[in-house]
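Trainee:
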Amino acid sequence: MDKLHLDQHISQQFNIELEEIRSKVLAMGGLVEHQVSNGLTALLECDGDLGRQVATADFEVNNLEVGIDEDCIQILARRQPAASDLRLIVTVIKVITDLERIGDEAEKMGRFASELADTNQQVAYRKELRHLGGLVKSMLRDALDAFARLDVDAAIKIAARDEDINAEYNTLSRLLASHLMEDPRNVSALLKITWCARALERIGDHSVNICEYVVYLVKGRDIRHTSFDQIQAEFSTKKF
Amino acid sequence: MVDKALNDTHQSAFDAIKETVGEFTVADPKMRTKNVDVFYGDKQAIFDVSLDIGNNEVIAMIGPSGCGKSTFLRCLNRMNDTIPTCRVSGSMSLEGEDLYGPNLDPVLLRARVGMVFQKPNPFAKSIYDNVAYGPRIHGLSNNRAELDDIVIGSLKKAGLYDEVKDRLEAPGTSLSGGQQQRLCIARTIAVSPEVILMDEPCSALDPIATARIEELIDELRENYAIAIVTHSMQQAARVSQRTAYFHLGKLVEVGETNHIFTNPSHELTENYITGRFG
Chain A
8 MDKLHLDQHI
18 SQQFNIELEE
28 IRSKVLAMGG
38 LVEHQVSNGL
48 TALLECDGDL
58 GRQVATADFE
68 VNNLEVGIDE
78 DCIQILARRQ
88 PAASDLRLIV
98 TVIKVITDLE
108 RIGDEAEKMG
118 RFASELADTN
128 QQVAYRKELR
138 HLGGLVKSML
148 RDALDAFARL
158 DVDAAIKIAA
168 RDEDINAEYN
178 TLSRLLASHL
188 MEDPRNVSAL
198 LKITWCARAL
208 ERIGDHSVNI
218 CEYVVYLVKG
228 RDIRHTSFDQ
238 IQAEFSTKKF
Chain Z
1202 MVDKALNDTH
1212 QSAFDAIKET
1222 VGEFTVADPK
1232 MRTKNVDVFY
1242 GDKQAIFDVS
1252 LDIGNNEVIA
1262 MIGPSGCGKS
1272 TFLRCLNRMN
1282 DTIPTCRVSG
1292 SMSLEGEDLY
1302 GPNLDPVLLR
1312 ARVGMVFQKP
1322 NPFAKSIYDN
1332 VAYGPRIHGL
1342 SNNRAELDDI
1352 VIGSLKKAGL
1362 YDEVKDRLEA
1372 PGTSLSGGQQ
1382 QRLCIARTIA
1392 VSPEVILMDE
1402 PCSALDPIAT
1412 ARIEELIDEL
1422 RENYAIAIVT
1432 HSMQQAARVS
1442 QRTAYFHLGK
1452 LVEVGETNHI
1462 FTNPSHELTE
1472 NYITGRFG
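Okay, here's the thing in structure tokens:
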């Protein structure tokens, strides 16, 4: 049962509804990825306009969330889905919540980027931010891929990458903390950069959630709050 | 040729169902069945089904039409005895007593294992006499006062008493469909059965009457073992603790209802409950 067979219901209309929801989620994922990428670019390249663009575009992500939520509620009310269909709807409701939060984090980055650019404040630790941002962007992309492909093995591996992101974020936080103590004149800029780093770290956490939902969707097991070793032991590749 | 092709598809689907997935035994069984085969003449309707029915549990039997769920249910109180060509093999027992053993009186068995049918079928008698019928023929009361107690108690347990207390002498058939079905449940309860079998008890009822019966099933569970055959998956999900999925005369999967409706193990179960091509 690794495939969901969304197109095999006796009701063609149900097939269409589920497929529409799935493609809307993927479209929302694409948009959110784009927002994160632009938010990061705006920050790294001191591009105030791009930052503003990201901040104002967040409403599109919000609209998609509301629309998909409504579609899911309609299916719950009218179809009373069971088994994998039920898991799909529940997963979608959860995934879009995380995507919307990621959108908010991207918006935050965009806003801080434009504020920094507008006040001609320099963006310190650009190299570290670029590195952290790169890790986060690829983790988000891979998590969305794992969702699109219903790839449990990939999801479990991707979720484990959050540790690298956390380590990177901790290092950057320490650098920022000591810099703050040494250079109080730059507190405002440094705080904004801290918040951007924090936003990136949160996006990593949301990506982990998406990976966990993929496992739930495909295997029907809730692996939240379970240690990585335990998960690996239970879902090691060759067992399926 | 077409027939042959259809038969082949059917045959391969049939062959693909191996052993029952899930645990068919329970810790506290009321009835046990093991390796049951049922034939109507030459035609086999049930293939090697083993399934326990636990005390104080509702087990739902689901599956497409003709999958054998009703046949299996009817074997549990020997209702199939009335069909001359019907033959049952394997073991079936109630509290360890062989249902098809030589010393077992099927009439007494049907008092211990009651049945509620799809269409409410009250006798053409008064409400009172409908419920009193079983206790009378089984001699369960010594006088009118005792009989009154049984009738009123049964109507109360079936959640019907308050609606009919002022017209116990009215004909049972004057009640609404939902009330008639509760009357039939009261009639079943009146002989103090241990197990209640229900064959689509709500399929002729409106949603409100259905909700009342479902509420009743939940209350009855405290004192009886209940097996219910239903075509409504939502009903199975709502009322049962365990669910058994039948297909082509075989028991495909049995397990906790929570599990079956969120993450069934067998692909055929999944296809059936999600409305996919089987």
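Protein sequence lines, in the order shown, are assigned to chains A and Z.
If you use the numbering used here, the first sequence corresponds to residues 8 to 247, in order.
If you use the numbering used here, the second sequence corresponds to residues 1202 to 1479, in order.
Where a beta carbon is used, it is the ideal one built from N, C-alpha and C, also for glycine.
Any beta-carbon of chain Z closer than 8 Å to the one on A:Asp-92?
Mentor: The count along the first sequence starts at 1 and reaches residue 92 of chain A at position 85. Yes - at least one Cβ of chain Z is within 8 Å of the one on A:Asp-92.
Trainee: Can you pull the DSSP bridge partners for Z:Gln-1245?
Mentor: In the second sequence, residue 1245 of chain Z corresponds to position 44, counting from 1. For Z:Gln-1245, which the question treats as bridged, DSSP gives the partners Z:Phe-1240.
Trainee: Are the C-beta atoms of A:Ile-17 and some chain Z residue less than 8 Å apart?
Mentor: As a position in the first sequence, residue 17 of chain A is number 10, starting the count at 1. Output row for A:Ile-17: interface = yes.
Trainee: Kindly say whether A:Gln-87, judged by its beta-carbon, lies nearer than 8 Å to any beta-carbon of chain Z.
Mentor: Your numbering for residue 87 of chain A matches position 80 in the first sequence. Taking Cβ atoms only, chain Z reaches closer than 8 Å to A:Gln-87, which makes this a yes.
Trainee: Are any of the Cβ atoms in chain A nearer than 8 Å to that of Z:Gln-1435?
Mentor: As a working note, residue 1435 of chain Z is residue 234 in the second sequence. It does; some Cβ of chain A falls within 8 Å.
Trainee: For the pair the segment 1460–1476 of chain Z and the segment 82–90 of chain A, tell me if three or more CB-CB distances fall below 8 Å.
Mentor: yes
Trainee: Would you identify the three-state DSSP class for Z:Lys-1357, choosing helix, strand or coil?
Mentor: Taking the second sequence and counting its residues from 1, the one referred to as residue 1357 of chain Z is at position 156. Note: Z:Lys-1357 maps to helix in three-state DSSP.
Trainee: With 16 other CB atoms within 10 Å as the buried threshold, where does A:Gln-81 fall?
Mentor: As a working note, residue 81 of chain A is residue 74 in the first sequence. Under this definition A:Gln-81 is an exposed residue.
Trainee: Is any beta-carbon of chain A found at less than 8 Å from that of Z:Pro-1465?
Mentor: Counting from 1 along the second sequence, the entry for residue 1465 of chain Z is found at position 264. Among the CB atoms of chain A, one or more fall inside 8 Å of the CB of Z:Pro-1465.
Trainee: Leaving out five residues on either side along the sequence, give the residues of the same chain with a beta carbon under 8 Å from the beta carbon of Z:Ile-1414.
Mentor: For this step, residue 1414 of chain Z is matched to residue 213 along the second sequence. Once the five neighbours on either side are set aside, the close Cβ partners of Z:Ile-1414 are Gly-1379, Gln-1382, Arg-1383, Ile-1386, Pro-1402, Cys-1403 and Leu-1406.
Trainee: In chain A, which residues lie less than 8 Å from Z:Ile-1474 when you measure between Cβ atoms?
Mentor: Counting from 1 along the second sequence, the entry for residue 1474 of chain Z is found at position 273. Within 8 Å Cβ-Cβ: Ala-89 and Ala-90.
Trainee: Any idea if Z:Arg-1311 is buried or exposed, counting beta-carbon neighbours within 10 angstroms, 16 or more meaning buried?
Mentor: Reading the second sequence from its first residue, position 110 is the one you call residue 1311 of chain Z. That one is buried.
Trainee: Does any CB atom of chain A fall closer than 8 Å to the CB of Z:Arg-1443?
Mentor: Indexing the second sequence from 1 puts residue 1443 of chain Z at position 242. So no, Z:Arg-1443 is outside the interface.
Trainee: Could you give the distance in angstroms between the alpha-carbon of A:Leu-147 and the alpha-carbon of A:Glu-40?
Mentor: By one-based count along the first sequence, residue 147 of chain A stands at place 140. By one-based count along the first sequence, residue 40 of chain A stands at place 33. For A:Leu-147 and A:Glu-40, the distance between alpha carbons rounds to 7 Å.
Trainee: Going along chain Z in order, which residues have a C-beta closer than 8 Å to the C-beta of A:Gly-227?
Mentor: For this step, residue 227 of chain A is matched to residue 220 along the first sequence. Ordered by position in chain Z, the residues that pass the 8 Å Cβ test against A:Gly-227 are Thr-1463 and Asn-1464.
Trainee: CA-CA distance, A:Met-8 and A:Met-116?
Mentor: Locating residue 8 of chain A in the first sequence gives position 1, counting from the first residue. Locating residue 116 of chain A in the first sequence gives position 109, counting from the first residue. With a pLDDT of only 40 at A:Met-8, under the threshold of 50, the placement of this residue in the model should not be trusted; the figure read from the coordinates follows. Roughly 40 Å separates the two Cα atoms.
Trainee: So, helix, strand or coil for A:Phe-235, using DSSP?
Mentor: For the purposes of this step, residue 235 of chain A is taken as residue 228 along the first sequence, with counting starting at 1. Here A:Phe-235 sits in helix by DSSP.
Trainee: Just how far apart, CA to CA, sit Z:His-1339 and Z:Gln-1245?
Mentor: As a working note, residue 1339 of chain Z is residue 138 in the second sequence. As a working note, residue 1245 of chain Z is residue 44 in the second sequence. A straight line joining the alpha-carbon of Z:His-1339 with that of Z:Gln-1245 spans about 35 Å.
Trainee: Comparing the C-beta of Z:Arg-1279 with each C-beta of chain A, is any distance below 8 Å?
Mentor: The residue given as residue 1279 of chain Z occupies position 78 in the second sequence. By this cut-off, Z:Arg-1279 is not an interface position.
Trainee: Counting contacts by CB-CB distance shorter than 8 Å, is A:His-12 in contact with chain Z?
Mentor: Translated into positions along the first sequence, residue 12 of chain A becomes position 5. Yes, contact with chain Z.
Trainee: What three-state label does DSSP hand A:Cys-79 in the structure shown?
Mentor: Locating residue 79 of chain A in the first sequence gives position 72, where the first residue counts as 1. DSSP places A:Cys-79 in the helix class (H, G or I) of the three-state scheme.
Trainee: Does the beta-carbon distance from A:Ala-124 to A:Gly-58 come in below 8 Å?
Mentor: Taking the first sequence and counting its residues from 1, one reaches residue 124 of chain A at position 117. Taking the first sequence and counting its residues from 1, one reaches residue 58 of chain A at position 51. Yes, they are a contact pair.
Trainee: My parser needs the alpha helix (DSSP H) runs of 4 or more residues fully inside the segment 1286–1320 of chain Z; what are they?
Mentor: 1307–1313
Trainee: Using a cut-off of 7 Å between C-beta atoms, extract the partners of Z:Phe-1478 located in chain A.
Mentor: As a working note, residue 1478 of chain Z is residue 277 in the second sequence. Under the 7 Å cutoff, chain A gives Gln-15 and Ile-17.
Trainee: Ignore the nearest five residues each way along the sequence and tell me which others in A:Arg-231's own chain have a CB closer than 6 Å to its CB.
Mentor: Position 224 of the first sequence, counting from 1, holds the residue named residue 231 of chain A. Excluding sequence neighbours, A:Arg-231 sits near Glu-219.
Trainee: Starting from A:Asp-54, follow its DSSP beta bridges and name the residues at the other end.
Mentor: Indexing the first sequence from 1 puts residue 54 of chain A at position 47. Paired residue(s): none; A:Asp-54 is not in a bridge.
Trainee: Where does Z:Leu-1476 sit, in a helix, a strand or coil, going by DSSP?
Mentor: Counting from 1 along the second sequence, the entry for residue 1476 of chain Z is found at position 275. Reading off the sequence, residue 1476 of chain Z comes out as Gly, not Leu. Here Z:Gly-1476 sits in coil by DSSP.
Trainee: First and last residue of the alpha helix (DSSP H) that includes Z:Phe-1273?
Mentor: Position 72 of the second sequence, counted from the first residue, corresponds to residue 1273 of chain Z. 1270–1276 is the extent of the alpha helix (DSSP H) around Z:Phe-1273.
Trainee: Give the DSSP bridge partners of Z:Ala-1426, in chain order.
Mentor: As a first step, residue 1426 of chain Z must be located in the second sequence, where it is residue number 225. Under DSSP, Z:Ala-1426 forms a beta bridge with Z:Val-1396.
Trainee: Should Z:Ile-1284 go down as buried or exposed, given a rule of 16 or more other Cβ atoms within 10 Å for buried?
Mentor: Residue 1284 of chain Z sits at position 83 when you count from the first residue of the second sequence. With fewer than 16 other Cβ atoms within 10 Å, it is exposed.
Trainee: To the nearest angstrom, how far is it from the Cα of Z:Ile-1247 to the Cα of A:Glu-27?
Mentor: Position 46 of the second sequence, counting from 1, holds the residue named residue 1247 of chain Z. Position 20 of the first sequence, counting from 1, holds the residue named residue 27 of chain A. Distance between the alpha carbons of Z:Ile-1247 and A:Glu-27: 41 Å.
Trainee: Could you give the residue range of the beta strand (DSSP E) that holds Z:Ile-1260?
Mentor: For this step, residue 1260 of chain Z is matched to residue 59 along the second sequence. Note, Z:Ile-1260: beta strand (DSSP E), 1259–1263.
Trainee: Between Z:Tyr-1334 and Z:Glu-1370, what straight-line distance do the alpha-carbon atoms span, to the nearest angstrom?
Mentor: Looking up residue 1334 of chain Z in the second sequence gives position 133. Looking up residue 1370 of chain Z in the second sequence gives position 169. Rounded to whole angstroms, Z:Tyr-1334 to Z:Glu-1370 spans 14 Å at the Cα level.
Trainee: Take the Cβ of A:Asn-173 as the centre, count every other Cβ of all protein chains shown within 10 Å, and call the residue buried at 16 or more, exposed below.
Mentor: Here residue 173 of chain A refers to the residue found at position 166 when the first sequence is read from its first residue. By the neighbour-count rule (16 or more Cβ atoms within 10 Å), A:Asn-173 is not buried but exposed.
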